[in-house]
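According to mature numbering (1 follows the signal peptide of the UniProt record, and there is no 0), the sequence shown holds residues -17 to -1, 1 to 238 in order. Ideal placement from N, C-alpha and C gives every residue a C-beta, glycine not left out. Have a look at the structure below before the remarks.
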Amino acid sequence: MVVSIILCSLLFSAVSSLNSQCFEPPPRLPGQKVEEYCESFQINAEAGNIREWTLPIECVGFVRRYTTGPRYLQDLSFMADQATKHAQSIKVRDDGRDSWVFDVDETLLSNVAYFAKHNYGASKFNQTDFSIWIEKGKATAIVPMRTLYHKLIKAKWTVYLMSQQRNESQRAITEKNLRDVGYSRWKKLFLSAPRRLNVVEDINTAGNTKWYGEIKSSGGRIQATVGDNWDTDFDPNPFPGSMAFKSPNAMYNMA
């Protein structure tokens, strides 16, 4: 997960030259059911059609049911199945250069327990609170992603992990959390420099570009990436034939 943590007022004041705006989602249409409206909101939020947002309060129940119910895992399993088929279609060479990249939060690790206490995105995102949560090391494994991960390791893929949300000061607890819930044998975990994300460039530029470049400069062939955020999780200059798999996340791109 890479949650957008910039408020509209900050966007306007800090980067007015970029004409950044925050848009309120449209109201429900006459006669439109809450469930239908919230489904439309989720689809457009995940597609990146809604800029930094907070979840409409009437959709809290919808997101809670989706995130904690069977549908979320079904959607993840569908995506993981397609990723598995892609991996199986590639002959992994013996040079250790065929690479697969995973985002961490809301891809390998679930922070639903944290967001459940913050109205599933209806409350403004608080970076300090989230950092306290990270330090507890209590994020749980997303089971379909863990299964995919293990298949890749068994097939001798080289796996890299990336997180713009977590910084170097949180490396030890992040690595412990990952291992505690069943992840191991990644080649490298890329984390951001310790800083507070407070300018739009940190969110809207391809923050992982440098890391992708590092993998490639060392000879890595990035055959696939998996993440929940279109803005930062995917290679802007992909290896020919590579795939980008978007994991579902109903709380994607919150303010």
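In angstroms, rounded to a whole number, what distance separates the CA positions of residue i and residue j?
i    : j    : result
M145 : I40  : 32 angstroms
W36  : F98  : 15 angstroms
A63  : P127 : 6 angstroms
V164 : L172 : 16 angstroms
I73  : F217 : 19 angstroms
I205 : K199 : 8 angstroms
I26  : T50  : 14 angstroms
T123 : E89  : 10 angstroms
S55  : P231 : One point to set straight first is that residue 55 is Tyr, not Ser, in the sequence displayed. About 7 angstroms.
Can you tell me whether DSSP reads residue i as helix, strand or coil?
i    : result
L135 : helix
K170 : coil
N27  : helix
A227 : strand
A110 : The residue asked about is misnamed: residue 110 is Gln in this sequence, not Ala. Helix at Q110.
A155 : helix
G44  : helix
S222 : For clarity, residue 222 is Phe in the given sequence; the question names Ser instead. Looking at F222 - three-state DSSP - the assignment turns out to be coil, as it is neither helix nor strand.
V164 : coil
G14  : coil
N232 : coil
F217 : coil
Got a sec, what are the start and stop residues for the alpha helix (DSSP H) residue i sits in?
i    : result
W194 : T192 to S200
R54  : P53 to Q71
List the residues that DSSP assigns as beta-bridge partners of residue i.
i    : result
D150 : Before going on, a small fix: residue 150 reads as Asn here, not Asp. Paired residues: S175.
T141 : S82
T123 : S93
Please report the residue range of the beta strand (DSSP E) in which residue i lies.
i    : result
V84  : D81 to D86
T208 : R204 to G210
Taking CB distances under 8 angstroms as the criterion, tell me whether residue i reaches chain D.
i    : result
R168 : Absent here is chain D; the protein component of the structure consists of one chain.
Could you give the C-beta distance for residue i and residue j, rounded to a whole number, given that I count them as a contact under 8 angstroms?
i    : j    : result
Q65  : E118 : Contact doesn't hold; Cβ gap of about 34 angstroms is too wide.
K170 : V142 : 6 angstroms
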